[in-house]
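Residue numbers for the sequence shown follow this note's numbering, so the first one is 504 and each next one is one higher.
First the structure, in the form of structure tokens, and then the observations on it.
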Amino acid sequence: MEYRETGYLWLGGGASAGLLPGSEGPLYSLPELGRDFDGLENTAVAYREAFLLTAYLVDYSVGWDGLHTLLGEMARGRPFEAALEKVTGLSPKEFESRWLEWLREAEPRYR
């Protein structure tokens, strides 16, 4: 991933504030990210969230192979949440809960 090579993140420094619940603004839900990503009001937050979701998937959940499988399922027309459930074995709600728990702990590393 680009951040590993360049250190660049879509939002840097203090701009990541508001990414966690209880701070400046709410996160988009997984259904919102999967349904209408390009139509979301705050694209910077949407891209930041997608980056952190991908980092979690690769580094702490299913690895690169799982990410490739997820993308393949979506390329074949499977909706995001259904593909995510197939790859992780978790319901979207359970996956989101685990991801948010990880995010609360890991977010300072991505500032």
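Using N, Cα and C, we set each Cβ at its ideal position, and we do this for glycine too.
This structure is a prediction, so every number in the text was calculated from the model and none was measured.
Who are the Cβ neighbours of residue i in its own chain at under 7 angstroms, not counting the five residues just before and after it?
i, result
"tyrosine 563", "Trp605"
"leucine 556", "Trp602"
Rounding to the nearest angstrom, what Cα-Cα distance links residue i and residue j in this structure?
i, j, result
"glutamate 608", "arginine 601", "11 angstroms"
"valine 565", "arginine 551", "20 angstroms"
"glutamate 599", "glycine 580", "22 angstroms"
"arginine 538", "methionine 577", "12 angstroms"
Could you pull out every residue in the same chain whose Cβ sits closer than 6 angstroms to the Cβ of residue i, ignoring the five residues on either side in sequence?
i, result
"serine 532", "none"
"leucine 573", "Ala586, Val590"
Going by DSSP, what residue range makes up the alpha helix (DSSP H) through residue i?
i, result
"glycine 537", "533-538"
"glutamate 544", "Unbroken run through glutamate 544: none, as it is neither H nor E."
"aspartate 562", "Here aspartate 562 belongs to no alpha helix (DSSP H), and DSSP marks it neither H nor E."
"serine 594", "Unbroken run through serine 594: none, as it is neither H nor E."
"leucine 530", "Element bounds for leucine 530: n/a, residue is neither H nor E."
"glycine 575", "566-578"
Quick one: measure Cβ to Cβ for residue i and residue j, integer angstroms, because I've assumed they're closer than 8 angstroms.
i, j, result
"alanine 549", "leucine 536", "7 angstroms"
Please go through the same chain and pick out, in chain order, the residues whose beta-carbon is closer than 8 angstroms to the beta-carbon of residue i, but skip the five residues on each side of it.
i, result
"leucine 543", "Tyr531, Glu535, Leu536, Ala549"
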